[in-house]
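Chains as they are written, first to last, in the numbering used here: chain U, 1 to 453; chain S, 1 to 453; chain X, 1 to 453; chain W, 1 to 453. For reference, the structure discussed in these notes is given below.
Number of protein chains: 4
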Amino acid sequence: MTVGMNLFDSVFGCAAMEELFNDAARLQRMLDFEAALATAEARCGIIPAAAAKAIAARCQADLLDLPALAKAAALSLNPAIPLVRQLTDLVIEDDAESARFVHWGATSQDVNDTALVLQMRDAFDLVANDLESLCAGVRTLAEKHRSTPIAGRTMMQHALPTTFGLKAAGWLDALNRHRERLVEVRGRALVLQFGGAVGTLASLHGQGLAVAEALAAELRLKLPVMPWHAHRDRVAEVAAMLGLLTGTLGKIARDLSLHMQTEIAEILEPAAPGRGGSSTMPHKRNPVSAGVVLAAAARVPALVATMLAVMPQEDERGLGNWQAEWETLPQIFRLTGGALHQLAAIVPNLEIDVGRMRRNLDATQGLIFAEAVVFALAERVGKAAAHALVEEASGEARQSGRHLREVLATMKSVAGHLSTAEIDRLFAPEGYLGAAGEFVDRVTVSANRNKQA
Amino acid sequence: MTVGMNLFDSVFGCAAMEELFNDAARLQRMLDFEAALATAEARCGIIPAAAAKAIAARCQADLLDLPALAKAAALSLNPAIPLVRQLTDLVIEDDAESARFVHWGATSQDVNDTALVLQMRDAFDLVANDLESLCAGVRTLAEKHRSTPIAGRTMMQHALPTTFGLKAAGWLDALNRHRERLVEVRGRALVLQFGGAVGTLASLHGQGLAVAEALAAELRLKLPVMPWHAHRDRVAEVAAMLGLLTGTLGKIARDLSLHMQTEIAEILEPAAPGRGGSSTMPHKRNPVSAGVVLAAAARVPALVATMLAVMPQEDERGLGNWQAEWETLPQIFRLTGGALHQLAAIVPNLEIDVGRMRRNLDATQGLIFAEAVVFALAERVGKAAAHALVEEASGEARQSGRHLREVLATMKSVAGHLSTAEIDRLFAPEGYLGAAGEFVDRVTVSANRNKQA
Amino acid sequence: MTVGMNLFDSVFGCAAMEELFNDAARLQRMLDFEAALATAEARCGIIPAAAAKAIAARCQADLLDLPALAKAAALSLNPAIPLVRQLTDLVIEDDAESARFVHWGATSQDVNDTALVLQMRDAFDLVANDLESLCAGVRTLAEKHRSTPIAGRTMMQHALPTTFGLKAAGWLDALNRHRERLVEVRGRALVLQFGGAVGTLASLHGQGLAVAEALAAELRLKLPVMPWHAHRDRVAEVAAMLGLLTGTLGKIARDLSLHMQTEIAEILEPAAPGRGGSSTMPHKRNPVSAGVVLAAAARVPALVATMLAVMPQEDERGLGNWQAEWETLPQIFRLTGGALHQLAAIVPNLEIDVGRMRRNLDATQGLIFAEAVVFALAERVGKAAAHALVEEASGEARQSGRHLREVLATMKSVAGHLSTAEIDRLFAPEGYLGAAGEFVDRVTVSANRNKQA
Amino acid sequence: MTVGMNLFDSVFGCAAMEELFNDAARLQRMLDFEAALATAEARCGIIPAAAAKAIAARCQADLLDLPALAKAAALSLNPAIPLVRQLTDLVIEDDAESARFVHWGATSQDVNDTALVLQMRDAFDLVANDLESLCAGVRTLAEKHRSTPIAGRTMMQHALPTTFGLKAAGWLDALNRHRERLVEVRGRALVLQFGGAVGTLASLHGQGLAVAEALAAELRLKLPVMPWHAHRDRVAEVAAMLGLLTGTLGKIARDLSLHMQTEIAEILEPAAPGRGGSSTMPHKRNPVSAGVVLAAAARVPALVATMLAVMPQEDERGLGNWQAEWETLPQIFRLTGGALHQLAAIVPNLEIDVGRMRRNLDATQGLIFAEAVVFALAERVGKAAAHALVEEASGEARQSGRHLREVLATMKSVAGHLSTAEIDRLFAPEGYLGAAGEFVDRVTVSANRNKQA
């Protein structure tokens, strides 16, 4: 039983998510299932109302003997079996007759899976909240920097100018799709598991479906078309959706880490005492949050692969493959949740150096504007000739160390077609941003629409 | 350039999907993009109508010099760059003036990504068709064997009786969810990619969005909110969805392979000349289709992990990570498509041995009915006493080799509570199938509803 | 800080390995590094002997404030930074002057990595011990069942007879290779990490190498050629080696689970109170240990992929990718160690049903001996004719339900070539085991040789 | 059958490796097995010498009907079965009597696996050669730049000065370990596969082992202790070893790509016509080789996971899992081989900008030398006071934009302890490189030693 968070939980996770997936939380939800089952069965007239009451009264995780439970779980490869046994013993203390009806008609996987679904319901709320916060922070960046020029980089090289707002809009656009996915997946995943040993509910004498309906209502879960013990697409889909979200978080963190490099220095993570410092280098400002997110983005894909790989579970309930999910899915929630929480926290406090962004645009002595010049010249001399002229000028600029603007201004073959003023305008990034602003608007408007919906 | 299918393509793939993802098909779709781009730009008044016509006329993959293209693609790490060059040369042959307007305003990734989207559009059709066939085949099994008793197995051990129809219904229920996912993912994935070098469409002088709209219409694709060069959640989601589907295919194949084991022999794959034979053992009937599907289910999860792992792509367009997708996503389509096609083909022709299913129910001398006896006895003597009695009888049956029915019939402590006729009824699987039939109906009805929708 | 084992630790792990990788054990080894560093530096005359003594005296994990440490570790993305700070404060309590020399010249990664190496040294001992136990158990099976016939199965179908001893020998042969790999990998992995901030040991004024040598000696680790902060092949190789071992454990468990199926029933896991039972089915004997091992075999490959995927770490020390290793490698040790421990424990106590193995050989009415008949007939009538005759007889046996032996005995075309006695001999599995015994001997002898070496 | 290389083969692969793993090469090696088998069996007196000669004469891949073979392979899930059939038909054309002895006593997996081993033998040679070339190129860099200062970067931030030679030495040190691993793995992997249907060689009447020895000698492969059909640790280990190597290649490429960024510009990939260019940006010089290597490093880990995940193969020969290896291992060889080949080709031709490396050291106005100042001051005023002073000075430098050197020179609290000359020396990177040169020497010497061995 974890008391407080472990060392690495505090690094990679977030408190609320850790809380949700620790042993106590899991066992309490298993007991919630047992209490709801008894209540539903009493309502259907399968077990006495008094038994349901006696059982529900004892469904409290702090009454369990956890070390004994852990030990027995290892022998049966199933925490539900010793949990049911301990619960039965607890009820016997009050009322031996009622104890007969503990776990009536259910199988151990019904308990485990439904408890997981209940954990996921709360976990989705945490994810949704942090996702909204992150979207809000990113939208603010997109709107504020709608027209802030920055070097657009492809294959890690300067390409053409763009805006920092468009970069942020790109992040937001992807996050918006994840909000959509979250809604869809939530709808499919939050269903009851209840089938008895082989999914027939045979021991409930023809009232299986009625009990299932009552139980689902009791737990405020949807009733699935049929039990899904060996059909794991629901939980694997949750894993995949979180994997997709983590991929986007990793993309944002990768961008941040690149912009934070010493020679680029366009963005800094927020400063705070003890944050991002080095033990020996007083000048460092490490991108620690980006590091946490990148670590999550490096780990989650393989965990998703595990969830997919164990889907072929044998017959009515699998051997080994189901068990392989037990720690894997919570681990994914923990890493995605931790990364999301951390990113949502820093995005509003990032230090954005607009001046540096503009200065870096000049890192190639104007070559980043070469395409703009080509297109301007092309209208006068044709594309091929324009391309050739600019290529010559670019080579000259590179070799001489002079700015491309100056080289062009002194080339006779150019002077006839472009005035100095025209040339100067070509080297202002504002003049070559295309539809960047329109795209930003499309994204932020769509983000607002999503928010209202 | 592949002429015909490779050795392993014919084993793991299916002809239609291979056709869709080979070099010729890919290059043709890249040319389709170039033709549509020219047409759209002519419509928007950006390039002359004659140029658009001249360009479109040459957009035929069989005019390309493929070896030269492959060689140049390696130097630029991009097949679009030499393709544009070859296309330009082809247009020059007809009309040098028009050749200036080839690929106007687009970047190489616009071509590659949109071509992939066009391939995916056709691939989704193949997947959807085979998925419908498979669902039809499985539904027939579920309906036909709605009441066929079979041993329910958990952890690879007999547990309780169930029906073969419920097993098939479980397969169908999962497949139904995949149909739903396919619709959602298709809607998000089939969008145009068009942004120019850094996603601003800067070289189109403020008409970027208009051209994008015309281009999307030309290709019958949706226009996304903004370009998505470095935001790969759409394609990663396609991979994940196919991974989920493949997991279910693997689950079906795993079940088939288990039922086909020599000692179990409840199902056989269809026989055909040269099919499933062994070079030295004339009696063998190997589950070759199950093998193909299981191989796909073993390979796809890791490929999905790759698609997720490369999502953090740098800045406006990534280095190495985008390229890592190029073969990976087609590979997933190929494996999923091949497995799906093969499973859809054999399911209607499976040999189902209903008699053997029933005989196998007796493999444990009646012990599989122990729970039924416990519940029947529990109504008379209480659950604990019933459990103890049946445990004693089960031990006796196991040790003596006698059938549990006989052991119970001779136990005085039982005789008082259950008549011989009652005991006999407890050992008929039909009497202990619970809601199996209802679940089958719920699934097949819902499958029909899906089909009509 | 974990007090006792968590619920799933007790299911998937083993106590000794959990103990080795919990927070307290990790932090103690970090402190062991700091103590050894001070001692080595005092020996080299870099810091005063008194300081080394004062520092070493405080290097005890139970003096640390763990919640504070965990919190600060999150801010710096590094547990070593707050650990050094707490240690410094502890030393200050005794002797402020000495406290100046805590962690002198080291970087945080030196501490973390060397602590991991020290954990791995102990973990390798655990793995080696359990591997020896498992090998001993498996060798006993191979020797005892050197001549025990069993159906050889390929593609999950009966193929030809083999021996259970040869099956066990196959397991042992693979385990022997893992013993070899363990020795090689251990030799490469157990080295000091010590380089200072960027691997130059610059702050040690030219004595860096001398201190490194003394420190390695102090910790009984090898001195590597140079520091390896961003070169992770050593730890990734450890992960890969454990992944290979786990694959073989999974293969053994898969075999056990197949042999334990109700209809096959050739092997049972050992019985014990509370072990493998079901909450509702008194007759079940679940393969719980096989389940644990299969779960590990399903999870470890993806974790190995993570260790490989994060190898491209940036420059002198990476961002995010190094941190992604922190929980992943211990997780692999835990899963492999748990699976190995569990398998080693049950193998000597497996219940082997030799009679059932023999009876199952007859599951195909003698068809499993068809190849033996073909080869015997081939000597008289040629291979093609023999094949045709046996194919005809096999078809007849299958259709009529008669034993192949009887069918052959009544076929005139066979009678002239094989006597009834000869035919009977062909249906005794002992007569068609080929080199099985020789292979068993080769493996067990080689296993013994390994053991002595 | 591939004629020439496919589009992406030429991007990600290298010609020699593609050649080695294409269909023709695979089938030829399968035929080499059949020829050697017949020869060995003739030598052991099992089949007539004339038959061996007749069979060997027809073992030529170009005699096969590949489309028919591919089609039949799909039906039997095994290319060896139709290959044996076609070979038999070919021999019949010459000599029907000899055709009886084709494939005598072998199983299809014997052919497939041994052919793979023969492919791997050649593939290891290619890997070893390119690895030697790469090591030579990297060693030259390490030696040439033994004293070239460069900013050491941790967490993607400037940390302390180091040398470019030490960076290259780090690459070389890792590559040296891969050379060692390659030798070990080669020794374990290059063994014969020969066991007949279930690994007993039963159809060879007690001469199985003798034939196996002769066959191994014929193919110049080691004879394994026993057949290894369902024990895949050997091939999985090859995959893992290649995965480790690819991880190091990815690390080198990651470093190169970071140094090539526009704002850093310390290294450039070699220029060549058509290499690294952009379709619209004349000034770009894309790191295309780094991109290829990074793509491989992103893809191989998941493929290794697949090889590990399919290790638990059923009984004597698996279903689906063995088949999952067929394309996966060649894919790994292809990606690793392509990346290695490309990196070996560019490393000798990298453009190294030593001047830029030095200029970048000043990107933080001297803050990168802060640690050096702390240690120098600490000798006079104690570490804590020194740290405080330098922290103050660093803050002042950052805010004022002045160089740390100047700030320190004007601080009274420093002036008393360090002269201007001493301060100047502290800001020369050469003075703070610690053991960098010694480490370079240790690595290059050890590399030379390896080379001689």
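Where a beta carbon is used, it is the ideal one built from N, C-alpha and C, also for glycine.
Measuring CB to CB, does residue i end up less than 8 Å from residue j?
{"i": "residue 169 of chain X", "j": "residue 440 of chain X", "result": "yes"}
{"i": "residue 189 of chain W", "j": "residue 332 of chain W", "result": "no"}
{"i": "residue 192 of chain U", "j": "residue 212 of chain U", "result": "yes"}
{"i": "residue 208 of chain S", "j": "residue 434 of chain U", "result": "yes"}
{"i": "residue 65 of chain W", "j": "residue 341 of chain W", "result": "no"}
{"i": "residue 303 of chain U", "j": "residue 11 of chain X", "result": "no"}
Using a Cβ-Cβ cutoff of less than 7 Å, which residues in the same chain neighbour residue i once the five nearest sequence positions on both sides are dropped?
{"i": "residue 166 of chain U", "result": "436, 439 and 440"}
{"i": "residue 153 of chain S", "result": "159"}
{"i": "residue 28 of chain S", "result": "61"}
{"i": "residue 203 of chain U", "result": "105 and 196"}
{"i": "residue 128 of chain U", "result": "182"}
Identify, in the order they occur along the chain, each residue of the same chain with its Cβ nearer than 8 Å to the Cβ of residue i, setting aside the five sequence neighbours on each side.
{"i": "residue 268 of chain S", "result": "260, 285, 350, 351 and 353"}
{"i": "residue 343 of chain S", "result": "134, 249, 252, 253, 289 and 293"}
{"i": "residue 72 of chain X", "result": "81, 82 and 85"}
Buried or exposed: where does residue i fall if 16 or more other Cβ atoms within 10 Å of its Cβ makes it buried?
{"i": "residue 401 of chain U", "result": "exposed"}
{"i": "residue 109 of chain U", "result": "buried"}
{"i": "residue 395 of chain X", "result": "exposed"}
{"i": "residue 32 of chain S", "result": "buried"}
{"i": "residue 3 of chain S", "result": "Low confidence applies to residue 3 of chain S: its pLDDT is 39, below 50, so where it sits in the model is not reliable, and the reading given next is rough at best. Classification for residue 3 of chain S: exposed."}
{"i": "residue 424 of chain W", "result": "exposed"}
{"i": "residue 359 of chain X", "result": "exposed"}
{"i": "residue 142 of chain W", "result": "buried"}
Which first and last residues belong to the alpha helix (DSSP H) in which residue i is found?
{"i": "residue 387 of chain W", "result": "383–400"}
{"i": "residue 24 of chain U", "result": "23–43"}
{"i": "residue 234 of chain X", "result": "233–259"}
{"i": "residue 410 of chain X", "result": "404–410"}
{"i": "residue 342 of chain U", "result": "321–346"}
{"i": "residue 307 of chain X", "result": "288–309"}
List the whole-angstrom C-beta distance separating residue i from residue j, where the pair is believed to meet the contact cut-off of C-beta under 8 Å.
{"i": "residue 219 of chain S", "j": "residue 107 of chain S", "result": "Actually they do not touch by this definition, with Cβ atoms about 17 Å apart."}
{"i": "residue 17 of chain U", "j": "residue 123 of chain U", "result": "7 Å"}
{"i": "residue 367 of chain X", "j": "residue 404 of chain X", "result": "6 Å"}
Please report the residue range of the beta strand (DSSP E) in which residue i lies.
{"i": "residue 149 of chain W", "result": "149–154"}
{"i": "residue 160 of chain U", "result": "157–163"}
Going by beta carbon distance, what residues of the same chain come within less than 6 Å of residue i, once the five residues before and after it are set aside?
{"i": "residue 101 of chain S", "result": "47 and 51"}
{"i": "residue 297 of chain U", "result": "246 and 250"}
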